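Heads up: the sequence shown runs through residues 382 to 665, numbered per this note's numbering.
Read the structure below first, then the notes.
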Amino acid sequence: MQNNLYNILVPVDFTQKDKWATAKAIELANALHCNIHLVHVVSKNIFPLLTVEAAHFYPYDYTADLKNAQDRLHEMKEAYSQHLCGKGQIEISVLHGNEQEELAKYARLYQMDMFVKGLSKFNLLHRIISTVSISNLAKKTFIPVLAVRASGLVSHFKKIVLPLHDDHVPMRRIRLAAMLGRYFKSTIFVVSLRKENNEPGVPILSQTMEVIQSLTTIPVQSIILEGKNLATTTLNFSKKINADLIMINNKHEYYLPGLWNRVTKRLLSYNSSIPVITLEKEYE
Numbered sequence: 382m383q384n385n386l387y388n389i390l391v392p393v394d395f396t397q398k399d400k401w402a403t404a405k406a407i408e409l410a411n412a413l414h415c416n417i418h419l420v421h422v423v424s425k426n427i428f429p430l431l432t433v434e435a436a437h438f439y440p441y442d443y444t445a446d447l448k449n450a451q452d453r454l455h456e457m458k459e460a461y462s463q464h465l466c467g468k469g470q471i472e473i474s475v476l477h478g479n480e481q482e483e484l485a486k487y488a489r490l491y492q493m494d495m496f497v498k499g500l501s502k503f504n505l506l507h508r509i510i511s512t513v514s515i516s517n518l519a520k521k522t523f524i525p526v527l528a529v530r531a532s533g534l535v536s537h538f539k540k541i542v543l544p545l546h547d548d549h550v551p552m553r554r555i556r557l558a559a560m561l562g563r564y565f566k567s568t569i570f571v572v573s574l575r576k577e578n579n580e581p582g583v584p585i586l587s588q589t590m591e592v593i594q595s596l597t598t599i600p601v602q603s604i605i606l607e608g609k610n611l612a613t614t615t616l617n618f619s620k621k622i623n624a625d626l627i628m629i630n631n632k633h634e635y636y637l638p639g640l641w642n643r644v645t646k647r648l649l650s651y652n653s654s655i656p657v658i659t660l661e662k663e664y665e
């Protein structure tokens with residue numbers, strides 16, 4: 382069982398959502414005594430509308446961008462360090478290259494245990510890009526990605542919702558939920574959709590509850606939900622009980638309904654004001 386988080390990576394782009402992600406990372410660090418890594422990636426292609434080949438004809442000295450990013454990260458470190466009350470520290474790094482690839486390399490090199498990523502509040506395009514980024518980060522690194530909006534800062538993981546999408550016990554999510562639940566004194570809600578043939582799917586609910594109870598003594602409840610789309614039904618249930626965290630797998634079962642949502646792989650985190658953790662590998 383995963384006993385703790387030791388390193389949390391916050392991708393920084395110097396926008397408002399950095400504040401939400403960093404504040405949530407500090408909350409976790411103070412509870413779990415882990416380190417926070419604030420990482421900014423300066424893009425190789427400073428002209429995003431050009432092809433890589435065309436960009437070579439427009440030489441650009443990114444040294445100033447690297448220096449500016451380093452200075453701004455230092456300011457963030459000084460501002461947020463005073464909010465740390467545990468044993469963790471804040472580390473800062475500026476990288477250069479493709480954002481997804483560089484973050485994945487950094488995460489593997491320094492053994493990150495979780496990403497914490499802020500989601501845009503209003504901008505539609507940014508919200509779509511952020512959701513795709515979450516899916517890609519989870520797929521590239523197999524590291525949990527916690528997505529949080531400003532509204533998620535009031536959440537303290539007292540109620541954790543764990544939806545089930547098939548007949549397999551989700552061991553990775555269970556271990557992480559049990560670990561977080563132990564630190565935050567949470568209640569875990571294991572939920573599943575009622576099957577079309579009206580079979581309640583009790584075996585998988587019972588098995589999942591048994592595994593959780595073998596790992597921790599925190600309260601666990603199992604609930605069968607009525608609905609056709611797991612993402613929408615889970616969101617509605619989570620809002621109804623004022624949940625603080627939803628934990629999902631990076632699978633199509635957690636895409637929002639509709640063809641466009643399927644094509645763009647919009648996970649339920651896109652419509653969630655509640656923090657959402659996305660994991661890639663489910664059964665390790």
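Backbone N, C-alpha and C fix where the C-beta goes; we use that ideal spot for every residue, glycine too.
Only a predicted model underlies this, so the values are computations on that prediction, with no experimental measurement involved.
Residue i burial status per 10 Å Cβ neighbour count (16 or more: buried)
{"i": "Asp-399", "result": "buried"}
{"i": "His-464", "result": "exposed"}
{"i": "Pro-440", "result": "Annotation note: pLDDT 49 at Pro-440 (below 50); position unreliable, coordinate value reported separately. Looking at its Cβ environment, which holds fewer than 16 other Cβ atoms inside 10 Å, Pro-440 is exposed."}
{"i": "Gly-469", "result": "buried"}
{"i": "Trp-401", "result": "buried"}
{"i": "Lys-621", "result": "exposed"}
{"i": "Lys-498", "result": "buried"}
{"i": "Arg-643", "result": "exposed"}
{"i": "Glu-483", "result": "buried"}
{"i": "Thr-589", "result": "buried"}
{"i": "Leu-640", "result": "exposed"}
{"i": "Pro-638", "result": "exposed"}
{"i": "Pro-381", "result": "Shown here, the chain extends from 382 to 665; a query on residue 381 therefore has no answer."}
{"i": "Pro-600", "result": "exposed"}
Beta-carbon proximity check, residue i vs residue j, cutoff 8 Å
{"i": "Ser-603", "j": "Ile-515", "result": "no"}
{"i": "Phe-496", "j": "Leu-390", "result": "yes"}
{"i": "Cys-415", "j": "Leu-454", "result": "no"}
{"i": "His-477", "j": "Leu-500", "result": "no"}
{"i": "Ser-595", "j": "Leu-586", "result": "no"}
{"i": "Ile-605", "j": "Arg-575", "result": "yes"}
{"i": "Tyr-491", "j": "Ile-407", "result": "no"}
{"i": "Asp-452", "j": "His-421", "result": "no"}
{"i": "Met-552", "j": "Asn-388", "result": "no"}
{"i": "Leu-714", "j": "Phe-565", "result": "With the chain running from 382 to 665 in the structure shown, residue 714 is simply not present."}
{"i": "Tyr-443", "j": "Val-423", "result": "yes"}
{"i": "Val-619", "j": "Arg-530", "result": "With the sequence shown as reference, residue 619 is identified as Ser, and Val is not the correct amino acid for it. Not in contact: Ser-619 and Arg-530 (Cβ atoms no closer than 8 Å)."}
{"i": "Ala-559", "j": "Thr-597", "result": "yes"}
Close Cβ partners of residue i (< 7 Å) along its chain, the five nearest in sequence each way excluded
{"i": "Ala-404", "result": "Leu-534"}
{"i": "Val-592", "result": "Val-550, Ile-555"}
{"i": "Ala-519", "result": "Val-526, Asn-631, Thr-659, Leu-660, Glu-661"}
{"i": "Val-657", "result": "Ala-528, Ile-627, Ile-629, Leu-649, Ser-650"}
{"i": "Lys-521", "result": "Gln-481, Ala-485"}
{"i": "Glu-634", "result": "His-546, Leu-611"}
{"i": "Ile-473", "result": "Leu-419, Leu-454, His-455, Lys-458"}
{"i": "Thr-615", "result": "Val-542, Pro-544, Val-572, Ile-627, Leu-649"}
{"i": "Ala-450", "result": "His-421, Val-423, Val-475"}
{"i": "Leu-413", "result": "Asn-385, Leu-386, Tyr-564"}
{"i": "Glu-607", "result": "Arg-575"}
Local conformation of residue i per DSSP, three classes
{"i": "Gly-562", "result": "helix"}
{"i": "Gln-588", "result": "helix"}
{"i": "His-437", "result": "A caution first: His-437 carries a pLDDT of 48, below 50, which makes its placement in the model too unreliable to give a value."}
{"i": "His-633", "result": "helix"}
{"i": "Ser-573", "result": "strand"}
{"i": "Leu-431", "result": "Interpretation of Leu-431 is limited by its pLDDT of 43, a score under 50 that renders its predicted location unreliable; the figure taken from the coordinates is listed afterwards. Coil."}
{"i": "Met-495", "result": "strand"}
{"i": "Thr-597", "result": "coil"}
{"i": "Thr-615", "result": "helix"}
{"i": "Ser-474", "result": "strand"}
{"i": "Leu-465", "result": "coil"}
{"i": "Gln-397", "result": "coil"}
{"i": "His-455", "result": "helix"}
{"i": "Ser-654", "result": "coil"}
{"i": "Val-644", "result": "helix"}
{"i": "Val-420", "result": "strand"}
{"i": "Ile-627", "result": "strand"}
{"i": "Asn-610", "result": "coil"}
{"i": "Lys-540", "result": "strand"}
Residues of its chain near residue i, where Cβ-Cβ distance is below 8 Å and the 5 sequence neighbours each way are ignored
{"i": "Leu-561", "result": "Phe-538, Ile-541, Ser-567, Leu-626"}
{"i": "Ala-488", "result": "Leu-390, Phe-496, Thr-522, Ile-524"}
{"i": "Pro-429", "result": "Interpretation of Pro-429 is limited by its pLDDT of 48, a score under 50 that renders its predicted location unreliable; no figure is taken from the coordinates."}
{"i": "Cys-466", "result": "Asn-411"}
{"i": "Leu-557", "result": "Gln-383, Pro-525, Met-628, Ile-658, Leu-660"}
{"i": "Tyr-636", "result": "Ala-612, Asn-642, Arg-643, Lys-646, Arg-647, Leu-648, Leu-649"}
{"i": "Lys-502", "result": "Gln-397, Lys-398, Arg-530, Ala-531"}
Any non-hydrogen atom of the ligand SAH closer than 7 Å to residue i Cβ
{"i": "Val-529", "result": "In the structure on display, the ligand SAH does not appear, and there are no ligands present to speak of."}
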